[in-house]
Every structure is written in structure tokens, then in C-alpha cells.
Amino acid sequence: DGGITQSPKYLFRKEGQNVTLSCEQNLNHDAMYWYRQDPGQGLRLIYYSQIVNDFQKGDIAEGYSVSREKKESFPLTVTSAQKNPTAFYLCASSIDGALNTEAFFGQGTRLTVV
Amino acid sequence: GQNIDQPTEMTATEGAIVQINCTYQTSGFNGLFWYQQHAGEAPTFLSYNVLDGLEEKGRFSSFLSRSKGYSYLLLKELQMKDSASYLCAVRAYRGGNKLTFGTGTQLKVEL
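Protein sequences, first through last, are from chains U and G. Residues 1 to 114 (my numbering) make up the first sequence, in order. Residues 1001 to 1111 (my numbering) make up the second sequence, in order.
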């Protein structure tokens, strides 16, 4: 089945450690996105990529890094520079970032930093 | 940048109709989306508007007025399972067509 997969669903890390969240899609979508959601709040854009080997900062990119070496994969690294990393992280993809097509979301990764 | 406003919470009765409003300010508007999100789950796509008017899809309808920077999501024949957060999202040409979300409206459907 085609879809977008995030792993793991739950992740615990110690403060000061970098951690990488996985996002894979087999929908042949060009555009991919990372959002962060805090309790009772909407989604805030961290990074997005409209095409392989290219990505742009979103509204809250500080303390995060991404790569887009393959069309199917858009991993997000939460670095130790991110002051408040505990959150629900959602990855999404759409056919084309320029066309008006909806974004499909993965099931999310809940990151807890202790 | 973009500014998207939605009410924080709404309560409605099973079987009734509810309208969730969304206002936005943006440069280079290129489409408005509505998503439903149940607690702890991923958002799922409900509707899309890019031209003025009403789009109907079963029990859900969405309306857009570009000149007013206004949209609403209309839910008819409410069911208990409709209790969820409803997210309004706007796409704009400026900023690389990124999709920006509002904070969401938490809808509670009661008996």
C-alpha cells in the first residue's frame, strides 16, 4: 500500500543528545514537510522540501536540520540546540509543492526529552 | 507572513449543524485546506478551496471568499465521532507555496 511512514511512534531521549526522526513515502511525491505540534496548538512548519536535494526553512527551523538525498526520504534531526524539543512531530508529503494538492500526513512521532 | 485565525473551541449537539470559521491574511493566496485531527493522530484532509464559493462533500462543506480572506467549514448531521480538532491551512505563492496552519478549532459534539 502507498503511504507515508514515520518511525518510531514514540521516542525518548536524554537532554543534550541529537535525535533523528525518520519519514519515508512511497507515493512518488515531490514535496515533503516537517511540522511540530505542541499540546492544544496548531501545526508549525519546521522545514520543507519541494524537490530532492533542495529544502527550505519553515517558521521554526532553529535547532533542527534536514536532508533530502532521496525523493522518498526526508529525515529530521532534532539537535541539542533546540531548547524545547518535546513535542509531536508530523511529516507530510504532497504531489507537488506548487500545485494545489492536499498534503498527506504520517502518523507522527512523539518525542520526549528527559 | 501569514496570519490565520480560528475559534479555539466550539460545542454542538449531535444531529445539529455547526460552522467553523477561519480568517486569514496572506500575500499570494494559492488555496485553503481544511483538515480533521483526532487527538494523538495525524490530520486527515477534508476539503480544498481556491476559487470563491461553496464546495460540498457529503456531510462536509467548505466556503471561501478571497476578497474577505474568509472561509468556513460546515458540518451537518453531527455525529459523536466528529469530535475532533479542525485545522484551517493556507497555501501562498510567497514563501515557496508552503502550507501554513491555524491553531485549530476543538469541536466537542454532545448528546
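Virtual Cβ for every residue (Gly too), placed ideally from N, Cα, C.
- prompt: Per DSSP, which one or two residues make a beta bridge with T20/U?
  reply: Here the question's residue 20/U lines up with position 20 in the first sequence. Answer is T77/U, bridged to T20/U.
task: Kindly indicate which three-state DSSP category K57/U falls into: helix, strand or coil?
output: Taking the first sequence and counting its residues from 1, the one referred to as residue 57/U is at position 57. It is a strand residue.
query: By Cβ distance below 6 Å, which residues in the same chain neighbour W34/U in space, the five residues on each side in sequence not counted?
result: By 1-based counting over the first sequence, the position of residue 34/U is 34. Annotation for W34/U: I46, Y47, L76, C91 place their beta carbon closer than 6 Å to its own, counting only its chain and skipping 5 residues before and after.
message: What does the Cβ neighbour count give for H29/U, buried or exposed, with the cut at 16 atoms within 10 Å?
response: Taking the first residue of the first sequence as 1, we reach residue 29/U at position 29. H29/U comes out buried.
task: From the DSSP output, read off the bridge partner residues of N1003/G.
output: Residue numbering aside, residue 1003/G sits at position 3 when the second sequence is read from its first letter. Paired residue(s): Q1025/G.
- prompt: What residues match up with A1089/G in a beta bridge as DSSP calls it?
  reply: Counting from one through the second sequence, the residue named residue 1089/G turns up at place 89. Bridge partners of A1089/G: F1033/G, F1101/G.
query: For the beta strand (DSSP E) that contains Q1046/G, what are its first and last residues?
result: To locate residue 1046/G, count along the second sequence from 1; it is residue 46. Just to set this straight, residue 1046/G is Leu in the shown sequence, not Gln. Looking at the DSSP string, the run of the beta strand (DSSP E) that includes L1046/G is 1044 to 1049.
query: Is any beta-carbon of chain G found at less than 8 Å from that of Q25/U?
result: Residue 25/U sits at position 25 when you count from the first residue of the first sequence. Not flagged as an interface residue toward chain G: Q25/U, since no C-beta distance is shorter than 8 Å.
Contact list for the region 3 to 24 of chain U against chain G, Cβ threshold 7 Å: Cβ contacts with chain G: none found.
task: Examine chain U for any beta-carbon lying closer than 8 Å to the beta-carbon of Y1048/G, and answer yes or no.
output: Here the question's residue 1048/G lines up with position 48 in the second sequence. Judged by the 8 Å Cβ criterion, Y1048/G is in contact with chain U.
- request: Might you give, ordered along the chain, the residues of its own chain that have their beta carbon closer than 6 Å to the beta carbon of S1085/G, omitting 5 neighbours on each side?
  value: Against the second sequence, residue 1085/G aligns to sequence position 85. For S1085/G, where only same-chain residues beyond five positions count, the Cβ hits under 6 Å are Q1037, G1104, Q1106.
query: What is the C-beta distance between E24/U and V114/U, in whole angstroms, given that I count them as a contact (C-beta under 8 Å)?
result: Position 24 of the first sequence, counted from the first residue, corresponds to residue 24/U. Position 114 of the first sequence, counted from the first residue, corresponds to residue 114/U. With a contact defined as Cβ atoms closer than 8 Å, E24/U and V114/U miss out at about 27 Å.
- prompt: What residue does the beta strand (DSSP E) around I51/U start on, and which one ends it?
  reply: To locate residue 51/U, count along the first sequence from 1; it is residue 51. Looking at the DSSP string, the run of the beta strand (DSSP E) that includes I51/U is 43 to 51.
Residue burial classification, M32/U (beta-carbon count within 10 angstroms, cutoff 16): If you number the first sequence from 1, residue 32/U lands on position 32. Counting Cβ neighbours within 10 Å, M32/U comes out buried, since at least 16 surround it.
message: Taking the straight line between their C-alpha atoms, what separation do you get for F1063/G and V78/U?
response: The residue you call residue 1063/G lines up with position 63 of the second sequence. The residue you call residue 78/U lines up with position 78 of the first sequence. If I take the Cα positions, the gap works out to 38 Å.
task: Report the neighbours of L90/U on chain G: residues whose CB is nearer than 7 Å to its CB, in chain order.
output: If you number the first sequence from 1, residue 90/U lands on position 90. Near L90/U (Cβ distances below 7 Å), the residues of chain G are A1042.
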